[in-house]
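Undergrad: In my numbering, the protein residues as written are 65 to 529. Virtual Cβ for every residue (Gly too), placed ideally from N, Cα, C. Since the structure is predicted, the reported quantities are computational estimates derived from the model, not experimental observations.
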DNA sequence: ATCGGCTCGCGCAA
DNA sequence: TGCGCGAAGCCGAT
């Protein structure tokens, strides 16, 4: 058989981390599931199956639960583990085996590959730094081919070879090729069934980890592929039609709330996009959702893939840092430490309730994510501190934190990432676009939101005697 | 209620 | 080299 680079020549979704000829005398094809934590509509799995058919071998999916993922508390671990529980059975319907282990991927994955005598290792694409480090470490420690399949974008990220400047620069490039990628991903079957099913139950495994349990499971987000699909259809049927009108309504939270499921790859963005485009709602509603799901989301993925400082102040655009530096000495009308912010103890009720919802629910409506970050920029001793604290709180509390979208949003809030300068120049934030209480009041019922969060988390109504 | 100006820089037309 | 226009704002003029 030819080398994997020849086999998958000109496939924009697939990159070769270690080239070579698949060995036919091995025992399986191995899929290392990282980000695409789903059994269906999964390009990485399909790639492994394609090779398995050529070699007439079974396919085994492996997952490595890492005991200390940076800045992850019990909250994301619980969501991830609950979703993983579905996978062995769901994969079995495609005749794929399952083996979960805990530890460091750089050690665990090569050892699993040796144990099961893998011919080729296929994995999916986590665009963040840690994903790349793990992949590189694994590729260094195996002596057979390894492929990375971009499984969580609509348009393969490799088609954009440089850091895009803004939505307006990536939009036409995406539009040009969108239709050829908006194609349903089939659920093929492995040619030979695998009966491998090893490893602990994910929820039991994470119970052994030393996690920060002060941030508990997100109460409103049941996890898993099935739940993701249920939510998608609920959104399409009940709310998509008004999305362009109501997207900013933080008081009713009119969004899809799919981002945790997309973050953990429990649903394919292509499946989401197809459900939207095939639905029977006004074009304006579809267009505004698709712009979020594809243009903005894939712009953020492009950003973290091409900017090594995506989660650092240094990664902000030059004009933004320059303007912020010129205002570094401006007096702050209010100034809060990380501790004061985390205690939701500012002078601003709306901000405090947003922080309260974030801490307790792991979630905020879109509109408030912007307001939340923009105020931290205004209230911090320096823009660098603002950036650091925003990343810290974002990644600690959001169920969908530690995501490319997180860093895109934080960069936009603090330093005008993917935005343009906005005069007139203001104290503290300079030319970075402001977003204050006026914008909130113009778009939703601020008092209704404050009251709802206060009743839910601060002074809940006590049951009558 | 709606509108222009504020300000920078990318990408395309020329 | 010039020019149009842009992640979701704000303020003041009409």
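To the nearest angstrom, how far is it from the Cα of residue 243 to the Cα of residue 120?
TA: For this step, residue 243 is matched to residue 179 along the first chain. For this step, residue 120 is matched to residue 56 along the first chain. Each residue's Cα considered, the two are about 33 Å apart.
Undergrad: Taking only the alpha-carbon atoms, compute the straight-line gap between residue 266 and residue 148 and give it to the nearest angstrom.
TA: By one-based count along the first chain, residue 266 stands at place 202. By one-based count along the first chain, residue 148 stands at place 84. Each residue's alpha carbon lies about 7 Å from the other.
Undergrad: Is residue 475 near residue 380, with beta carbons less than 7 Å apart?
TA: Locating residue 475 in the first chain gives position 411, counting from the first residue. Locating residue 380 in the first chain gives position 316, counting from the first residue. Contact flag set, yes.
Undergrad: Measuring alpha carbon to alpha carbon, tell me which of 438, 75, 492 and 185 ends up nearest residue 386.
TA: The sequence position of residue 386 within the first chain is 322, counting from 1. For residue 386, the nearest C-alpha among the options comes from 492.
Undergrad: Could you say which of 100, 65, 159 and 383 lies nearest to residue 88 if we only look at CA atoms?
TA: As a working note, residue 88 is residue 24 in the first chain. Out of 100, 65, 159 and 383, 65 has the C-alpha closest to the C-alpha of residue 88.
Undergrad: By a C-beta neighbour count over all protein chains shown, 10 Å radius and 16 as the cutoff for buried, is residue 277 buried or exposed?
TA: Taking the first residue of the first chain as 1, we reach residue 277 at position 213. Its Cβ having fewer than 16 others within 10 Å, residue 277 is exposed.
Undergrad: Given a cut-off of 7 Å on the beta-carbon distance, is the pair residue 270 and residue 154 in contact?
TA: For this step, residue 270 is matched to residue 206 along the first chain. For this step, residue 154 is matched to residue 90 along the first chain. It is not a contact, given that the beta carbons lie outside the stated cut-off.
Undergrad: Whose C-alpha, out of 434, 336 and 129, is nearest the C-alpha of residue 245?
TA: Position 181 of the first chain, counted from the start, is the residue given in the question as residue 245. For residue 245, the nearest C-alpha among the options comes from 336.
Undergrad: In the DSSP assignment, the alpha helix (DSSP H) including residue 367 goes from what residue to what residue?
TA: For the purposes of this step, residue 367 is taken as residue 303 along the first chain, with counting starting at 1. Residue 367 -> alpha helix (DSSP H) spans 361–370.
Undergrad: In three-state DSSP terms, what is residue 387?
TA: Mapped onto the first chain, residue 387 falls at position 323. Residue 387: helix per DSSP, three-state reduction.
Undergrad: If you reduce the DSSP assignment to three classes, tell me which class residue 232 lands in.
TA: The residue you call residue 232 lines up with position 168 of the first chain. Helix at residue 232.
Undergrad: So residue 67 packs on residue 212, CB below 8 Å; how close in whole Å?
TA: If you number the first chain from 1, residue 67 lands on position 3. If you number the first chain from 1, residue 212 lands on position 148. So it is not a contact: roughly 16 Å between Cβ atoms.
Undergrad: Roughly how many angstroms lie between the CA atoms of residue 500 and residue 184, to the nearest whole one?
TA: As a first step, residue 500 must be located in the first chain, where it is residue number 436. As a first step, residue 184 must be located in the first chain, where it is residue number 120. Cα to Cα, the separation comes out at about 53 Å.
Undergrad: Taking the Cβ atom as the reference point for each residue, do residue 217 and residue 74 lie within a distance shorter than 7 Å?
TA: In the first chain, the residue the question calls residue 217 occupies position 153. In the first chain, the residue the question calls residue 74 occupies position 10. Not in contact: residue 217 and residue 74 (Cβ atoms no closer than 7 Å).
Undergrad: Kindly indicate which three-state DSSP category residue 483 falls into: helix, strand or coil?
TA: Stepping through the first chain from its first residue, residue 483 is reached at position 419. Correct three-state label for residue 483: coil.
Undergrad: Residue 350 and residue 334: beta carbons closer than 7 Å?
TA: For the purposes of this step, residue 350 is taken as the residue at position 286 of the first chain. For the purposes of this step, residue 334 is taken as the residue at position 270 of the first chain. Cβ distance not < 7 Å, so residue 350 and residue 334 don't count as in contact.
Undergrad: Hey, how far is the Cα of residue 513 from the Cα of residue 481?
TA: Position 449 of the first chain, counted from the first residue, corresponds to residue 513. Position 417 of the first chain, counted from the first residue, corresponds to residue 481. If you take the alpha carbons of residue 513 and residue 481, they lie about 28 Å apart.
Undergrad: Tell me where the alpha helix (DSSP H) around residue 380 begins and ends.
TA: Here residue 380 corresponds to residue number 316 of the first chain, with the count starting at 1. Counting along the chain, residue 380 falls outside any alpha helix (DSSP H), and DSSP gives it neither H nor E.
Undergrad: Counting beta carbon pairs with one atom in the segment 182–202 and one in the segment 109–129, are three or more of them shorter than 8 Å?
TA: These segments touch.
Undergrad: Identify whether residue 96 lies in helix, strand or coil by the three-state DSSP scheme.
TA: Here residue 96 corresponds to residue number 32 of the first chain, with the count starting at 1. Note: residue 96 maps to strand in three-state DSSP.
Undergrad: Tell me which same chain residues have a C-beta within less than 8 Å of the C-beta of residue 495, skipping the five on either side of it?
TA: Residue 495 sits at position 431 when you count from the first residue of the first chain. 383, 384, 387, 480, 485, 486, 487 and 489.
Undergrad: Relative to the alpha-carbon of residue 359, which residue among 298, 316, 174 and 220 has its alpha-carbon at the smallest distance?
TA: The count along the first chain starts at 1 and reaches residue 359 at position 295. Per the Cα distances, 220.
Undergrad: Name the residue from 300, 372, 110 and 258 whose alpha carbon lies nearest to the alpha carbon of residue 193.
TA: Your numbering for residue 193 matches position 129 in the first chain. Answer by Cα proximity: 372.
Undergrad: Per DSSP, what kind of secondary structure is residue 261 in: helix, strand or coil?
TA: If you number the first chain from 1, residue 261 lands on position 197. Here residue 261 sits in strand by DSSP.
Undergrad: Between residue 454 and residue 440, how many whole angstroms is the CB-CB distance? I'm expecting something under 8 Å.
TA: Numbered from 1 along the first chain, position 390 holds the residue referred to as residue 454. Numbered from 1 along the first chain, position 376 holds the residue referred to as residue 440. About 5 Å; that satisfies the 8 Å criterion.
Undergrad: Do residue 467 and residue 324 count as a contact pair if the criterion is CB distance below 7 Å?
TA: The residue given as residue 324 occupies position 260 in the first chain. The residue given as residue 467 occupies position 403 in the first chain. Against a cut-off of 7 Å, the Cβ pair of residue 467 and residue 324 comes out as no contact.
Undergrad: Regarding residue 284 and the ligand NAD, is the C-beta to nearest heavy atom distance less than 6 Å?
TA: Among the components modelled here there is no ligand, and therefore nothing to report on the ligand NAD.
Undergrad: Where do the N-terminal and C-terminal ends of the alpha helix (DSSP H) with residue 104 fall, by residue?
TA: By 1-based counting over the first chain, the position of residue 104 is 40. Premise fails: residue 104 is in no alpha helix (DSSP H) and is neither H nor E.
Undergrad: Cα separation between residue 567 and residue 319?
TA: Given that the chain is displayed from residue 65 to residue 529, the structure contains no residue 567 and the question cannot be resolved.
Undergrad: Let me check one thing: in DSSP terms, what residues is residue 256 bridge-paired to?
TA: Start at 1 with the first residue of the first chain, and residue 256 comes out as number 192. Beta-bridge pairing links residue 256 to 122.
Undergrad: Tell me whether the segment 423–441 and the segment 306–315 touch, counting them as touching only if at least three CB pairs, one residue from each stretch, are closer than 8 Å.
TA: These segments touch.
Undergrad: Which runs of the alpha helix (DSSP H), 4 residues or longer, sit entirely within the segment 267–330?
TA: The qualifying runs are 289–302, 307–310 and 323–327.
Undergrad: How many Å lie between residue 249 and residue 105 at the Cα?
TA: To locate residue 249, count along the first chain from 1; it is residue 185. To locate residue 105, count along the first chain from 1; it is residue 41. Spanning the two alpha carbons is a distance of roughly 5 Å.
Undergrad: How big is the Cα-Cα spacing for residue 531 and residue 470?
TA: Nothing can be reported for residue 531: it is not among the residues displayed for the chain, which extend from 65 to 529.
Undergrad: Among 507, 227 and 296, which has the Cα closest to the Cα of residue 366?
TA: As a working note, residue 366 is residue 302 in the first chain. The shortest Cα separation from residue 366 among 507, 227 and 296 belongs to 227.
Undergrad: Go ahead and pull the three-state DSSP assignment for residue 490.
TA: Here residue 490 corresponds to residue number 426 of the first chain, with the count starting at 1. Looking at residue 490 - three-state DSSP - the assignment turns out to be strand.
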